[in-house]
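In the working numbering, the protein residues as written are 5 to 359. In what follows, a structure is listed as C-alpha cells, so that the remarks can point back to it.
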Amino acid sequence: MPRSVSVVGGGVIGLSIAWRAARSGWSVRLYDPSIGSGASWAAGGMIAPLSEGWPGEESALELGSASLDRWPEFGKELEVGAGVDLFTSESSLTVALDGADAEDLRTIAEWVGGQGRDMQILSRTEVRELEPMLGRGVRLGLLAIGELAVDNRLLLHALRQCVVDAGVECIARAVQSLEGLETDQIVVTAGVASPSVWPGLPVRPVKGEILRLRSRPGVAPAPGRTVRGSVHGRPVYLVPRADGIVVGATQYESGNDTQVTLAGVRDLIADAEALMPTIGEYELHEVSAGLRPMTPDNLPLIGRVSDRIVVATGHGRGGILLAPVTAEATLALLEGSALAEAKAADVRRFEKLAR
Ligand code: GLY
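Here's what the structure looks like:
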C-alpha cells in the first residue's frame with residue numbers, strides 16, 4: 005500500500021506539495037473548498053529574492069535563492085504538463101526616484117554581491133535605454149538578471165492540471181479539524197487559515213490590494229521585465245503579463261478584510277504613474293485583494309509539529325517564490341529527512357508549537 009497524506013489547503017504551496025508527493029508515490033488527498041482562490045489568485049507572480057534582499061536578512065536571501073534556483077525546472081515541468089507559458093519576465097529592475105532610494109539600491113547591490121549573487125547598478129541613461137517608458141524621475145536602477153515572474157493564474161491552472169494527472173484526489177471542502185483525516189500523514193498548507201486547524205501557529209493576515217491592467221491599441225508597451233520602486237515610502241511593482249501589467253500591492257494589517265478600498269486603488273495608480281507615466285492609458289481590468297500569511301520574522305513555517313503533522317505555511321509575500329523549495333522540503337520531512345536549505349524556516353524556532 006502507498007503511504008497516504010492529506011494536504012489541507014489548495015493554494016500554490018498546497019498544490020505544489022500535493023503534486024510532488026503524488027509523483028513520489030504518495031496517495032494524496034487535497035482539501036480545499038475553493039482551490040487556488042486565496043492569496044495565490046491575487047498574487048503578482050514576482051520571483052525576486054535578490055531585489056528584496058537587505059543586510060541582516062541572510063536567511064530570507066538563502067531560502068529565496070534556493071527556490072529561485074529551482075524555479076526554471078519546476079516551471080518547465082508545469083509548462084510541459086499543462087501546455088502553457090508561465091514565465092512573463094526573466095529579470096527585474098528596481099528603480100530609485102530620489103537620493104535615499106538610490107543609496108538603498110547601492111546598499112542592496114553591495115550586500116547581495118557579498119552573498120555571492122550578482123546585481124548590476126544602472127545609470128539613469130542605462131535604465132531609460134532598457135525601459136524607455138519609465139518616467140524621467142528615475143535616477144538609478146538595480147538590475148537582477150535571472151529573477152523571474154510568472155502568470156500566477158496560469159500557474160494555478162497548471163498545478164491543478166498536474167495534480168489531477170498525478171492522481172491527487174481533490175476534495176472540495178474545508179477542514180475544520182485534523183482529527184477526522186485518516187491518512188498516514190497530514191500537511192497544513194492553509195495560509196491565513198492555518199491557525200484555525202493548528203492553533204498557535206504564528207500566522208497573521210496582511211492584506212494586499214492589486215490591479216490588473218490590460219493593454220489597449222496604441223498604448224505604450226508594458227515593461228520588458230518586472231519593475232519595482234518605492235513612492236512616498238510605499239513599495240510598488242509592475243509585473244508584465246502577456247496582455248498587460250499587474251500593479252501591486254498595498255499592505256495593511258486589517259484582519260481578514262478583503263474589500264478593495266478607494267484609497268488603496270488611488271495609491272497604486274499614483275505610484276504606478278510615478279514609475280511609468282503612460283500607464284493611465286491601460287484598461288483597469290480588475291481590482292482585487294488577498295491576505296498574505298505573514299509570520300513574526302517574515303520567514304515561512306516549514307516543519308513537523310507532531311508524528312503525523314507537518315506544517316508548510318506562513319509564506320507572507322513569497323508564496324509563489326518559495327513554492328519549489330517548500331515542496332521539496334516538505335516531501336523530505338514526509339520521508340523522514342530534512343532539506344538543509346530550508347533550515348531557517350524550521351517551525352521549531354517558535355517554541356511550544358509541537359504537541
Ligand atoms: N509578493 C508581493 C506582494 O506580496 O506584494
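Just so you know, even glycine gets a beta-carbon here, dropped at the ideal spot from N, CA and C.
Spatial neighbours of ALA25 within its chain, please: C-beta separation below 7 angstroms, excluding the five flanking residues on both sides.
Looking up residue 25 in the sequence shown gives position 21. So the qualifying residues of the chain are VAL9, VAL32, LEU335, LEU338.
Looking at MET50 and the ligand GLY, is the gap between the Cβ and the nearest heavy atom below 7 angstroms?
For this step, residue 50 is matched to residue 46 along the sequence shown. Because some heavy atom of the ligand GLY lies under 7 angstroms away, the Cβ of MET50 counts as near it: yes.
Are SER198 and PRO328 closer than 8 angstroms when you measure CB to CB?
Taking the first residue of the sequence shown as 1, we reach residue 198 at position 194. Taking the first residue of the sequence shown as 1, we reach residue 328 at position 324. Inclusion of SER198 and PRO328 in the CB contact set at 8 angstroms is not warranted, their separation being larger than that value.
Answer with buried or exposed for THR330, where buried requires no fewer than 16 other C-beta atoms within 10 angstroms of its C-beta.
Start at 1 with the first residue of the sequence shown, and residue 330 comes out as number 326. The residue is buried, with at least 16 neighbouring Cβ atoms inside 10 Å.
I need the straight-line Cα distance from GLY117 to SER63, nearest angstrom please.
Here residue 117 corresponds to residue number 113 of the sequence shown, with the count starting at 1. Here residue 63 corresponds to residue number 59 of the sequence shown, with the count starting at 1. Looking at the two C-alpha atoms, the distance is approximately 15 angstroms.
Between the beta-carbon of VAL240 and the beta-carbon of LEU138, is there less than 8 angstroms?
Stepping through the sequence shown from its first residue, residue 240 is reached at position 236. Stepping through the sequence shown from its first residue, residue 138 is reached at position 134. Using a Cβ distance threshold of 8 angstroms, VAL240 and LEU138 do not count as a contacting pair.
Do GLY233 and the ligand GLY come close, with the Cβ less than 7 angstroms from some heavy atom?
Working through the sequence shown from its first residue, we reach residue 233 at position 229. Closer than 7 angstroms to some heavy atom of the ligand GLY: that does not describe the Cβ of GLY233.
LEU82 and LEU90 - do their beta-carbons sit closer together than 8 angstroms?
For the purposes of this step, residue 90 is taken as residue 86 along the sequence shown, with counting starting at 1. For the purposes of this step, residue 82 is taken as residue 78 along the sequence shown, with counting starting at 1. Taking 8 angstroms as the Cβ cut-off, LEU90 and LEU82 qualify as a contacting pair.
Residues bridged to PRO244 by DSSP?
Reading the sequence shown from its first residue, position 240 is the one you call residue 244. In the DSSP assignment, PRO244 forms a beta bridge with ILE249.
Residue burial classification, THR92 (beta-carbon count within 10 angstroms, cutoff 16):
Counting from one through the sequence shown, the residue named residue 92 turns up at place 88. So THR92 ends up on the buried side.
Using C-beta distances below 8 angstroms, list every residue in its chain close to GLY103, excluding the 5 sequence neighbours before and after it, in chain order.
As a position in the sequence shown, residue 103 is number 99, starting the count at 1. If we look at GLY103 and ignore the five residues flanking it on each side, its Cβ neighbours are ARG143.
If distances are taken between C-alpha atoms only, which option among ASN260, ARG74, GLY145 comes closest to GLU345?
As a working note, residue 345 is residue 341 in the sequence shown. When only C-alpha atoms are compared, the closest one is ARG74.
Quick one: does THR330 have its CB under 8 angstroms from some CB of chain C?
Within the model displayed, chain C is absent; a lone protein chain is all it includes.
Pairwise C-alpha distance: MET5 and THR262
As a first step, residue 262 is located in the sequence shown; it is residue number 258 there, counting from the start. As a first step, residue 5 is located in the sequence shown; it is residue number 1 there, counting from the start. Approximately 43 angstroms, taken between the alpha carbons.
Do you know offhand how far SER341's Cα is from VAL210's?
To locate residue 341, count along the sequence shown from 1; it is residue 337. To locate residue 210, count along the sequence shown from 1; it is residue 206. Near 32 angstroms, if we compare the C-alpha coordinates of VAL210 and SER341.
Should ALA47 be counted as a contact of the ligand GLY given a C-beta to heavy atom distance under 7 angstroms?
Residue 47 sits at position 43 when you count from the first residue of the sequence shown. For the ligand GLY, at least one heavy atom lies less than 7 angstroms from the Cβ of ALA47.
In this structure, what does DSSP give as the bridge partners for MET298?
As a working note, residue 298 is residue 294 in the sequence shown. For MET298, the pairing in a beta bridge is given by DSSP as ARG208.
Three-way DSSP call (helix, strand, coil) for SER8 in this model
Residue 8 sits at position 4 when you count from the first residue of the sequence shown. Residue state, collapsed to three classes: strand.
Nearer than 7 angstroms: is that true of the beta carbon of ALA148 relative to any heavy atom of the ligand GLY?
Within the sequence shown, numbered from 1, the residue matching residue 148 stands at position 144. No, the ligand GLY has no heavy atom inside 7 angstroms of this Cβ.
Buried or exposed, going by whether 16 or more other CB atoms sit within 10 Å of the CB of ASP36?
Residue numbering aside, residue 36 sits at position 32 when the sequence shown is read from its first letter. Looking at its Cβ environment, which holds 16 or more other Cβ atoms inside 10 Å, ASP36 is buried.
Beta-carbon separation (whole angstroms), ILE214 vs ALA46, contact threshold 8 angstroms
Position 210 of the sequence shown, counting from 1, holds the residue named residue 214. Position 42 of the sequence shown, counting from 1, holds the residue named residue 46. So it is a contact: roughly 6 angstroms between Cβ atoms.
CA-to-CA distance, GLY145 to VAL131, given in whole angstroms:
On the sequence shown, position 127 is the one that residue 131 refers to. On the sequence shown, position 141 is the one that residue 145 refers to. If you take the alpha carbons of VAL131 and GLY145, they lie about 6 angstroms apart.
Whose C-beta lies closer than 8 angstroms to the C-beta of HIS236 among residues of the same chain, with five residues either side of it excluded?
Along the sequence shown, one-based indexing puts residue 236 at 232. Closer than 8 angstroms at Cβ, skipping near neighbours: ASP275.
For the beta strand (DSSP E) containing ALA100, name the first residue and the last one.
Your numbering for residue 100 matches position 96 in the sequence shown. First-last of the beta strand (DSSP E) with ALA100: 91-100.
What number of angstroms, rounded off, separates the C-alpha of GLY362 from the C-alpha of GLU151?
Here the chain covers residues 5 to 359 and nothing more, so residue 362 does not appear.
With a cut-off of 8 angstroms on the beta carbons, I'd call ALA153 and PRO244 a contact; round off their distance for me.
As a position in the sequence shown, residue 153 is number 149, starting the count at 1. As a position in the sequence shown, residue 244 is number 240, starting the count at 1. Contact holds; Cβ gap of about 7 angstroms.
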